[in-house]
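Below is one structure, written out as structure tokens; the observations come after it.
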Amino acid sequence: MPARKGVDGGEMRLAVLVGNPKPQSRTLTVAQLVAERVADVVGATHELTVDLSGYARDLFEWPHAELAELADKLAAVDYLVVGTPTYKASYTGLLKAFLDRYPSGGLAGVTAIPIMTASDAIHGLAVEFTLRPLLVELGASVPTKGLCFLTAQMEAAESVVDEWVAANRHSLDPKSVRSIDG
Numbered sequence: 014m015p016a017r018k019g020v021d022g023g024e025m026r027l028a029v030l031v032g033n034p035k036p037q038s039r040t041l042t043v044a045q046l047v048a049e050r051v052a053d054v055v056g057a058t059h060e061l062t063v064d065l066s067g068y069a070r071d072l073f074e075w076p077h078a079e080l081a082e083l084a085d086k087l088a089a090v091d092y093l094v095v096g097t098p099t100y101k102a103s104y105t106g107l108l109k110a111f112l113d114r115y116p117s118g119g120l121a122g123v124t125a126i127p128i129m130t131a132s133d134a135i136h137g138l139a140v141e142f143t144l145r146p147l148l149v150e151l152g153a154s155v156p157t158k159g160l161c162f163l164t165a166q167m168e169a170a171e172s173v174v175d176e177w178v179a180a181n182r183h184s185l186d187p188k189s190v191r192s193i194d195g
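Counting from 14, one number per residue, gives the positions in the sequence shown under my numbering.
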């Protein structure tokens, strides 16, 4: 699909933010796959991936020019795929520490797609009851059901993500998202 125009009239942009402390994690793999599929559906260009594992030592340094620049770039995209493993039935402290750089409403105008990887289906609702409210508090629109991806499904990742995208396709439509946001 050709790139569509974003709200600002420019090309629609998509980014990925992953809060797994392990570099090149399964969470990153799943988030990148979701981003690829969502970009195809909405006609966005995937312009940035931020793997917070590379910034763990810097997250509590204030101010931090590089992190401030990353936060600004992520707040300026149309779609933001946010991925985290499930830790203690919630998102990681790594992700929370980065997202704390935004004020309330700091992601206004961004359509966020929450993803949590989990080792057990018992954590299936964590994406809806922990990550979604955080993203909404930051002002993001979250029109889709979050994806709780069981790590035991890694070999079938493409079909699991494709099934999720098919079920949420209508909510990803940029016209639907804009009409929800006003």
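Ideal placement from N, C-alpha and C gives every residue a C-beta, glycine not left out.
Remember, it's a predicted structure, so these values are computed and weren't measured experimentally.
- Distance CB(alanine 125)-CB(serine 154) smaller than 9 Å: On the sequence shown, position 112 is the one that residue 125 refers to. On the sequence shown, position 141 is the one that residue 154 refers to. Contact annotation: alanine 125 and serine 154 have beta-carbon atoms nearer than 9 Å.
- Message: Residues in the same chain with beta-carbon distance under 7 Å from leucine 112, minus the five sequence neighbours each way, listed in chain order, please.
- Response: The residue given as residue 112 occupies position 99 in the sequence shown. Only Leu147, Leu151 meet the Cβ criterion.
- Alpha-carbon spacing of histidine 59 relative to valine 51, whole angstroms: For this step, residue 59 is matched to residue 46 along the sequence shown. For this step, residue 51 is matched to residue 38 along the sequence shown. So the two alpha carbons sit approximately 9 Å from each other.
- Query: For the putative contact between serine 184 and threonine 157, defined by C-beta atoms under 8 Å, what is the C-beta separation to the nearest angstrom?
  - Reply: Within the sequence shown, residue 184 is the residue found at index 171, counting from 1. Within the sequence shown, residue 157 is the residue found at index 144, counting from 1. Distance from serine 184 to threonine 157 at the Cβ level is roughly 5 Å; contact confirmed, criterion being Cβ atoms closer than 8 Å.
- Message: Please tell me whether threonine 40 and threonine 143 are closer than 9 Å, where the distance is taken between their beta carbons.
- Response: Position 27 of the sequence shown, counting from 1, holds the residue named residue 40. Position 130 of the sequence shown, counting from 1, holds the residue named residue 143. No.
- Query: Which one of Leu46, Pro36, Gln37 has the shortest CA to CA distance from leucine 27?
  - Reply: Here residue 27 is taken as the residue at index 14 of the sequence shown, counted from 1. Per the C-alpha coordinates, the member of Leu46, Pro36, Gln37 positioned closest to leucine 27 is Leu46.
- Is it the case that the CB of leucine 120 approaches a heavy atom of the ligand FMN more closely than 8 Å? Summarising the ligand content, the structure contains no ligands, and the ligand FMN is consequently not present.
- Task: Would you grab the beta carbon distance between aspartate 64 and proline 36 for me? Rounded to a whole angstrom, and I think it's under 8 Å.
- Result: Locating residue 64 in the sequence shown gives position 51, where the first residue counts as 1. Locating residue 36 in the sequence shown gives position 23, where the first residue counts as 1. Contact check for aspartate 64 and proline 36: beta-carbon distance about 7 Å, within the 8 Å limit, so the pair qualifies.
- With distances taken Cα to Cα, identify the nearest neighbour of arginine 70 among Gly106, Ile128, Ser117. Stepping through the sequence shown from its first residue, residue 70 is reached at position 57. Ranked by how close their Cα comes to the Cα of arginine 70, the residues Gly106, Ile128, Ser117 have Gly106 in first place.
- Residue burial classification, proline 127 (beta-carbon count within 10 angstroms, cutoff 16): Start at 1 with the first residue of the sequence shown, and residue 127 comes out as number 114. The residue is buried, with at least 16 neighbouring Cβ atoms inside 10 Å.
- CA nearest to the CA of glycine 137, picked from Tyr92, Leu160, Ser117: Mapped onto the sequence shown, residue 137 falls at position 124. Of the candidates Tyr92, Leu160, Ser117, the residue whose Cα lies closest to the Cα of glycine 137 is Leu160.
- Message: Please report the straight-line C-alpha distance between alanine 57 and glycine 118, rounded to a whole angstrom.
- Response: Numbered from 1 along the sequence shown, position 44 holds the residue referred to as residue 57. Numbered from 1 along the sequence shown, position 105 holds the residue referred to as residue 118. Rounded to the nearest angstrom, the two C-alpha atoms are 23 Å apart.
- CB contact check: glycine 159 to chain D, cutoff 9 Å: The chain inventory of the structure shown lacks chain D, comprising one protein chain alone.
- Task: Assign phenylalanine 162 to buried or exposed, taking buried as 16 or more other Cβ atoms, counted over all protein chains shown, within 10 Å of its Cβ.
- Result: Here residue 162 corresponds to residue number 149 of the sequence shown, with the count starting at 1. Buried, since its Cβ has 16 or more Cβ neighbours within 10 Å.
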